[in-house]
Structures are given as C-alpha cells and as structure tokens.
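Inspection log for the structure reproduced underneath, given as structure tokens.
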Amino acid sequence: MIRLFSFLFLMMLSVAASAQVTGSSATTTSAPSLSASTAAETRARDEAFAAWKVRYATNRAWIADEIKAVRQELNKLRQAQPEPGQRLTDLLNGTIKRWNQEKTDYGDAEQFADCQEFFATLRTSIQNERTKK
C-alpha cells in the first residue's frame, strides 16, 4: 500500500514537472521577441543619439565660427564707431552668456534656428551701423 501511494505520489510529481516545463517553454518562445523588441528599441535610441551628437557638434562648430567672424566685424566697427560697436558687442556677449546658462541644445533644430536668426539680425545691425557714418 505504501508502495502504491509512493508510486502515485511520484507520478503526480512527474506530471506536475512536465506541466511546468511546458509552461516555461511557452514563456521561452515569447521571450526572444521581447528581447528582439528591446534590442531594436535600444538600437534605434542609440542611432538617434549618435545622429543628435553629430548634429550638435556640427551646429556648435558653426556657432563658434559665427562668433569669431562677428567679433572681427564688431572690432572693426568699434574702431570706427565706438558707441554702437560696444553696444552690439555687449549684446553678443549677453546672448552667448544666456545660451550657456540655459544650456542651449544646438542639436535641436528650433533652438539652432533661433541662434541663426540672432546672427543674421546682428550682422544686419552691424551693416546698418557701418552705413550710417
């Protein structure tokens, strides 16, 4: 009798174990798709970040070149007309300081467009001051 109960008990354990194996194999088949999905999302995020870094570096280099060029123009203007030249120099310095404090994202198209617009306006102001004499 004890042998019969032991045998039945072992049979129940083996049935339960096979049910768990079947259940975990069902989970295993869905796991790779979840893993692939996560890998795809990670890859897309990494690619987007890499593209942003390139855009940021390119735009930041353009900003640096513009600052140098505008400073040269302002130095020439200050030699000819000290007051307007100094006023526009102060405007440039204040804007650069604000961009640094706000941590302007030069990789963002809208923020970079604002910077481009500022330089276009500043260059127009410099030209206007030169022609006034």
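Reading the sequence shown from the start, the letters are residues -19 to -1, 1 to 114 in mature numbering (1 follows the signal peptide of the UniProt record, and there is no 0).
Where a beta carbon is used, it is the ideal one built from N, C-alpha and C, also for glycine.
Within 10 Å of its beta-carbon, does residue i have 16 or more other beta-carbons around it, so buried, or fewer, so exposed?
i: N40; result: buried
i: E110; result: buried
i: residue 129; result: Residue 129 cannot be examined here, being either before or after the span of the chain that is shown, -19 to 114.
Looking at residue j and residue i, is the spacing between their C-beta atoms short of 7 Å?
i: L55; j: T70; result: yes
i: L58; j: G66; result: yes
i: E47; j: F100; result: yes
Does the CB of residue i have a neighbour CB from chain B at under 7 Å?
i: K84; result: The chain inventory of the structure shown lacks chain B, comprising one protein chain alone.
In chain order, what are the residue ranges of uninterrupted beta strand (DSSP E) at least 3 long that sit wholly in the region 13 to 38? none
Take every Cβ of the region 86 to 93, pair it with every Cβ of the region 24 to 37, and state whether three or more of those distances are shorter than 8 Å. yes
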